[in-house]
Amino acid sequence: MKVLSKTKLEAALNKLSESNEVFVPMQKKAQSGYYPWTSFVSGDEIMLEALNVYQSPKGAVLPQTEKMYQIKQGGMEIKIDKTFEDDHPTIIFGARGCDVKGILAMDEVFLTRGYEDSFYKARRSANTIIANACYEPGSNCFCNAMEVNAVDPAGADVILRDAGEAFVWEVKTEKGEAVTAIIADLLEEKEVQLPQSKPFNQKVDYSGVAEKLKTMFDHPLWDKLSASCINCGMCTFVCPSCYCFDIQVKMWGEEGYRFRAWDSCMFEEYSREAGGGNPRGASKERFRQRFLHKLEFFTERYGTPLCTGCGRCMIVCPTDVNIVRIIDAVKEAEVNA
Amino acid sequence: MSIATNQEWKPKIIVFTCNWCTYAGADMAGFNHFEYPADVRIIRTPCSGRFDPIWVMRALNRGADGVLLSGCHPGDCHYGTGNYYNRRRQTIMKNMMQFMGIEPERFQTSWISGSEANKFQAVMIKLVDDIRRVGPNRKLRDAR
Amino acid sequence: MKEITSKLQEIATRLFNEGKIDVFLAWEKGEQEFQTKSYIAHSVDDVKNIIFNEYSIYNVSNALLKLRDGHEKIGIAVKGCDSRGVVRLLEDLQITRDRLYIIGIPCPGLKDPLAAARSFGGLGKKESDQGLAKKCLECIQPNPVIYDELVGPEQTPRQQGDRFAQVREIEQMSADERYKFWEDTLSTCIRCYACRQVCVACDCRTCIFDEMKPQWVGRETNTTDNMMYHLVKHAHMAGRCIECGECERVCPVGIPLMLLNRKLIKDVGELFGGTEAGLQYTEGAKPALSVFKENDPDNFQ
Chain U
26 MKVLSKTKLE AALNKLSESN EVFVPMQKKA QSGYYPWTSF VSGDEIMLEA
76 LNVYQSPKGA VLPQTEKMYQ IKQGGMEIKI DKTFEDDHPT IIFGARGCDV
126 KGILAMDEVF LTRGYEDSFY KARRSANTII ANACYEPGSN CFCNAMEVNA
176 VDPAGADVIL RDAGEAFVWE VKTEKGEAVT AIIADLLEEK EVQLPQSKPF
226 NQKVDYSGVA EKLKTMFDHP LWDKLSASCI NCGMCTFVCP SCYCFDIQVK
276 MWGEEGYRFR AWDSCMFEEY SREAGGGNPR GASKERFRQR FLHKLEFFTE
326 RYGTPLCTGC GRCMIVCPTD VNIVRIIDAV KEAEVNA
Chain H
247 MSIATNQEWK PKIIVFTCNW CTYAGADMAG FNHFEYPADV RIIRTPCSGR
297 FDPIWVMRAL NRGADGVLLS GCHPGDCHYG TGNYYNRRRQ TIMKNMMQFM
347 GIEPERFQTS WISGSEANKF QAVMIKLVDD IRRVGPNRKL RDAR
Chain R
525 MKEITSKLQE IATRLFNEGK IDVFLAWEKG EQEFQTKSYI AHSVDDVKNI
575 IFNEYSIYNV SNALLKLRDG HEKIGIAVKG CDSRGVVRLL EDLQITRDRL
625 YIIGIPCPGL KDPLAAARSF GGLGKKESDQ GLAKKCLECI QPNPVIYDEL
675 VGPEQTPRQQ GDRFAQVREI EQMSADERYK FWEDTLSTCI RCYACRQVCV
725 ACDCRTCIFD EMKPQWVGRE TNTTDNMMYH LVKHAHMAGR CIECGECERV
775 CPVGIPLMLL NRKLIKDVGE LFGGTEAGLQ YTEGAKPALS VFKENDPDNF
825 Q
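Protein chains in written order, with the working numbering: chain U, 26 to 362; chain H, 247 to 390; chain R, 525 to 825.
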């Protein structure tokens, strides 16, 4: 099998960075997330051996802020004189199965069903995913219940397997071949022992939840579950599959640009309409919307849940809202037929 | 810094005035043909109690090089007490913005009454002078 | 802690039975041993879920904001910092005193569940072991400042040394150095608005950052928009921040928000005197920037 020795990791990242923007999971002081390899400074740490990092790699294909097009206004005429579709090559290096699934879910949203988001498409077609197979689930992980194969993540172009002294480098697709060719001279042929998969710490049973949720829109359960939620939006920012955005304009005089920025269904003004009305004005309604989206609407529309079982929301929530307990509560709830 | 002395650069300075004192003072300065630099743009509000620190930040954000807030002297507010609130608020905000690294010359405050046309002229001249000295503002500028 | 839990449950049961309250706000156990969350008990049957343990750090007065428009009578368990939050809401006329029955708990200092969750959850680097939360080590008022009943022995403040030491350090820097410091620190902000949501003093019905017409601060996460957001938010905190430290605790990227708040507390104290925000409740009292004295400091031209 092909392996990349860990002593050669930095050399490989440097080589790849010559022709790609390589996003690597890093700890930068108090923050951890996927940052460009070129931004690594002394004091930072590569986190490929940790379970995961705070922020997901979705920023590589759906950045937090991206310019869309430039506008010039002249009297009654509006001219769009530049669009910012960005297809510079990127690599997400070391994404776990849960994070890869998040990107695949976004592919369904932005590239299928008749409309292709040209900004997303440009970034995604130039993006290569090098996944990091996961053998030791964390205490909050439940990706196995959400249709994610942590050891063999679908959609990856290359899969890394941490075998102690080296990573096994398993090519899966043509894109993977292309990236492998860049660092071919740093790879070795070697037989190594693959790690053993450890069992999950929490048992989550998602079966039947989507169907049951279809009948539970007005269930009193949501009042109790949403009582502690303060709609801060942290869950949506760290979630690998949350993709809600807002499009706004920045003008000065007659020139300006349109840009897209992450927004959150947790914020009151997200669903505010032009006339001032708001279908989700109450905190409970927004809370319910988030979990229905993750566990029911997406499954209904695309056949797979939007929640990928990474467990990040459960760690960052200041009031301890827990999606696993919500799934359990839904399963136990009594529903009047 | 060459840009500051370069005659090409014209500072953009916003002056917020209260309607009853400073604006009247500005009017009187104009009436008496007291000359002051044309780089200041005056925005009239009913009272200095209306002055919102976010205007200062937004002005710097959107291209201004300096901002002056000016109202009636304490004790002479047309509405009685508006300028007292303004005084507390702006004192705190000036400190806050300096703490964030904005030069003190860029956010100035004054009291100019309706009859103080000379003072208005003097304050404007000094203001433009101060801003010319510190140069074009680069801080808090929005991304273009 | 166990005695305080049983006392709280006892008092809540009595209040429910006597019809003195409709809801009781406190804490309940979370999903893992280090997670304690805010809890609303609606009846005597819910009382058994109420606890007070070493992770009950969440500021319960924030939950009062959800109930401000109702008429229910509210029992609430508060620590020192939480009680200052209650005073904040009373001063801001967001809730009336007659609706509240306050149980005060002098606080011995607690641990941070979010720090424990990060270590336990495996995200990022493992943090060194949990002592008291940072905000508890800087506490100047662990004893409740407003209460109807007090549960537990009086506690001593834990703040050591100069509270404003870091503020003074920054004040010594040059303007450009200061700007660089804040630029670097605030450029990491991801604009999740958790600091705003968890803050008791942020009690506007429509927040200025949610206004679209006009939009005061842009939504992009570039450095200037981030700096504008923090400048404006803290401008609204001047004279009102109760120093509970929740904003800094919940920030996912570790921005030193209390540094900005302490600068304002120091300035308001030095310039205008008076008691600090929320340290005592006098009916009709107003925050420092809503009052004035004729001889206030005046450095205007």
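We put the beta carbon where it would ideally sit given N, CA and C, even for glycine.
Because the structure is a prediction, the values reported are computed rather than measured.
Beta-carbon contacts of residue i that lie in its chain and below 6 Å, excluding the five residues immediately before and after
i	result
LYS215(U)	VAL28
TYR59(U)	PHE48, PRO50 and PRO82
PHE548(R)	ALA536, ALA565 and GLY599
GLY802(R)	ARG608, VAL611, ARG612 and ILE766
ILE371(H)	TYR282
LYS130(U)	Note that residue 130(U) corresponds to Ala in the displayed sequence, not to Lys. If we look at ALA130(U) and ignore the five residues flanking it on each side, its Cβ neighbours are SER266 and LEU331.
VAL261(H)	VAL286, ILE288 and LEU314
HIS319(H)	TRP357 and SER359
GLU673(R)	ILE627
MET339(U)	ASN165 and ASN347
Among the options, the one whose alpha carbon lies nearest that of residue i
i	options	result
PRO382(H)	LEU306(H), ILE338(H), MET370(H) and ARG335(H)	LEU306(H)
ASN265(H)	ARG290(H), TRP255(H), VAL313(H) and LYS340(H)	ARG290(H)
LYS597(R)	PRO738(R), ILE619(R) and LYS572(R)	ILE619(R)
GLY119(U)	GLU310(U), GLU74(U), GLU294(U) and ALA299(U)	GLU74(U)
SER266(U)	LEU320(U), GLU310(U), ASP230(U) and VAL193(U)	LEU320(U)
THR799(R)	ILE732(R), CYS775(R), TYR717(R) and GLN665(R)	GLN665(R)
VAL741(R)	VAL756(R), LEU624(R) and GLU534(R)	VAL756(R)
ALA310(H)	MET274(H), ARG287(H), ASP375(H) and PRO350(H)	ARG287(H)
ARG325(H)	ASP376(H), SER361(H), CYS293(H) and LYS365(H)	In the sequence as displayed, the identity of residue 325(H) is Tyr instead of Arg. Out of ASP376(H), SER361(H), CYS293(H) and LYS365(H), CYS293(H) has the C-alpha closest to the C-alpha of TYR325(H).
CYS775(R)	GLU534(R), ASP569(R), ILE714(R) and TYR805(R)	ILE714(R)
ILE128(U)	VAL176(U), CYS264(U), GLY281(U) and VAL217(U)	CYS264(U)
LYS572(R)	LEU588(R), THR529(R) and LYS603(R)	THR529(R)
MET276(U)	GLU70(U), ASP69(U), ASP243(U) and LYS92(U)	LYS92(U)
LYS817(R)	MET339(H), LEU386(H) and ARG335(H)	ARG335(H)
Residue i vs residue j beta-carbon contact at 8 Å
i	j	result
ALA354(U)	LEU250(U)	yes
VAL125(U)	PRO178(U)	yes
ARG86(U)	ASN45(U)	Looking at the sequence shown, residue 86(U) is not Arg but Val. In this structure, ASN45(U) does not lie closer than 8 Å to VAL86(U) by Cβ.
ASP820(R)	ARG296(H)	no
SER558(R)	ALA641(R)	Before going further, note that residue 558(R) is Phe rather than Ser in the sequence given. Contact flag set, yes.
GLY628(R)	PRO668(R)	yes
GLU213(U)	LYS31(U)	no
ALA188(U)	LEU219(U)	yes
ALA699(R)	GLY347(H)	yes
GLY328(H)	ALA270(H)	no
VAL196(U)	GLU202(U)	yes
CYS719(R)	ASN583(R)	no
LEU661(R)	ARG692(R)	no
Neighbourhood of residue i by C-beta, 7 Å cutoff - its chain only, sequence neighbours within 5 removed
i	result
SER356(H)	LEU314, SER316 and VAL369
ALA725(R)	ARG612, MET761, ARG764, CYS765 and ILE766
LYS810(R)	GLU615
TYR327(U)	GLU133
ILE732(R)	TRP740 and VAL756
GLN344(H)	PRO350
GLY363(U)	Outside the modelled stretch of chain U, which goes from 26 to 362, sits residue 363(U), for which no answer is possible.
Residues of its chain near residue i, where Cβ-Cβ distance is below 8 Å and the 5 sequence neighbours each way are ignored
i	result
GLY163(U)	LEU76, ASN77, ASN226 and GLY336
PHE705(R)	ILE694 and MET697
ARG387(H)	LEU306, ASN307 and GLY309
Residues, ordered as in the chain, of the region 568-586 of chain R that lie near chain U by beta-carbon distance below 9 Å: TYR582 and ASN586
Chain H contacts from the region 532-551 of chain R (Cβ-Cβ distance under 8 Å): Correct list: empty, as no residue qualifies.
Near-chain R residues of the region 69-80 of chain U - C-beta to any C-beta below 8 Å: Listed by position along the chain: GLU70, MET72, ALA75, LEU76, ASN77, VAL78, TYR79 and GLN80.
For the 8 Å Cβ check, are there 3 or more pairs between the region 780-793 of chain R and the region 296-303 of chain H? At 8 Å Cβ cutoff, the stretches do not touch.
If contact means a Cβ-Cβ distance below 8 Å, which residues of the region 732-760 of chain R contact chain H? ILE732, TRP740, GLY742, GLU744, ASN746, THR748, ASP749, MET751, MET752, LEU755, VAL756, HIS758 and ALA759
Just checking, does the region 747-755 of chain R make contact with the region 563-574 of chain R on the three C-beta pairs under 8 Å criterion? no
Residues within the region 340-356 of chain H neighbouring chain R, beta-carbon criterion of under 9 Å: Legend: CB atoms of the region 340-356 of chain H lying less than 9 Å from CB atoms of chain R belong to residues LYS340, ASN341, MET342, MET343, GLN344, PHE345, MET346, GLY347, ILE348, GLU349, PRO350, GLN354, THR355 and SER356.
Give, in chain order, every residue of the region 687-706 of chain R whose Cβ lies closer than 9 Å to some Cβ of chain H. Taking 9 Å as the Cβ-Cβ cut-off against chain H, the residues of the region 687-706 of chain R that qualify are VAL691, ILE694, GLU695, MET697, SER698, ALA699, ASP700, GLU701, ARG702, TYR703, LYS704, PHE705 and TRP706.
Count the CB pairs spanning the region 734-745 of chain R and the region 286-298 of chain U that are closer than 8 Å, and state whether there are at least three. yes
Given 8 Å as the limit, is there contact between the region 297-317 of chain U and the region 137-147 of chain U, that is, 3 or more CB pairs closer than that? The region 297-317 of chain U, when compared against the region 137-147 of chain U, does not touch it at the 8 Å Cβ threshold.
According to a CB-to-CB cut-off of less than 9 Å, which residues of the region 285-319 of chain U neighbour chain R? ALA286, TRP287, ASP288, SER289, MET291, PHE292, GLU293, GLU294, ARG297 and SER308
Report the residues of the region 634-645 of chain R with a CB closer than 8 Å to any CB of chain U, ordered along the chain. PRO637, LEU638, ALA641, ARG642, PHE644 and GLY645
Given a limit of 9 Å on CB to CB distance, which residues of the region 801-822 of chain R reach chain U? Those residues of the region 801-822 of chain R that come within reach of chain U (Cβ to Cβ, closer than 9 Å) do not exist; the list is empty.
For the 8 Å Cβ check, are there 3 or more pairs between the region 111-118 of chain U and the region 36-45 of chain U? yes
Residues of the region 180-214 of chain U with a CB closer than 8 Å to any CB of chain R: list them in chain order, please. none
Residues of the region 338-360 of chain U with a CB closer than 9 Å to any CB of chain R: list them in chain order, please. MET339, ILE340, VAL341, CYS342, PRO343, THR344, ASP345, VAL346, ASN347, VAL349 and ARG350
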